[in-house]
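Beneath this line is the structure, given in structure tokens, with notes to follow.
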Amino acid sequence: MNKFILATSAFVLMTGAALASSADGVVAKINSDVRVITLENGQSYTIPRDVALPAIQVGEKISIQLNDEGDRVQSVLR
């Protein structure tokens, strides 16, 4: 029984991690006033006010972590 619970718990954890998404890339433009980051691939992301916006520069490689639905930024990592 314990092995079954352990296996089920591991599966649930791995499935949850697979749902979260991220966008990695190099910063092409950043507008701190409106909190929009545009990557070199053309994708733009609006950073919500409740998410910390690190001091990043154009040309810097970053990772943008999104929620499970992929429609809201949860963090910006350098």
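In mature numbering (1 follows the signal peptide of the UniProt record, and there is no 0), the protein residues as written are -20 to -1, 1 to 58. Note that CB positions come from ideal geometry on N, CA and C, so glycine has one too.
*Work out the CA separation of N11 and S1 for me, nearest whole Å.*
One C-alpha to the other measures close to 23 Å.
*By Cβ distance below 7 Å, which residues in the same chain neighbour A8 in space, the five residues on each side in sequence not counted?*
Within the same chain, A8 has close Cβ partners T18, L19, E20, V38.
*Cβ of V16 within 8 Å of Cβ of K41?*
It is not a contact, given that the beta carbons lie outside the stated cut-off.
*Indicate the three-state DSSP secondary structure (helix, strand or coil) for I10 in the structure shown.*
In the three-state reduction of the DSSP assignment, I10 falls in the strand class, which pools E and B.
*With a threshold of 16 other CB atoms inside 10 Å of the CB of V14, please say whether the residue is buried or exposed.*
Exposed, by the Cβ-count rule.
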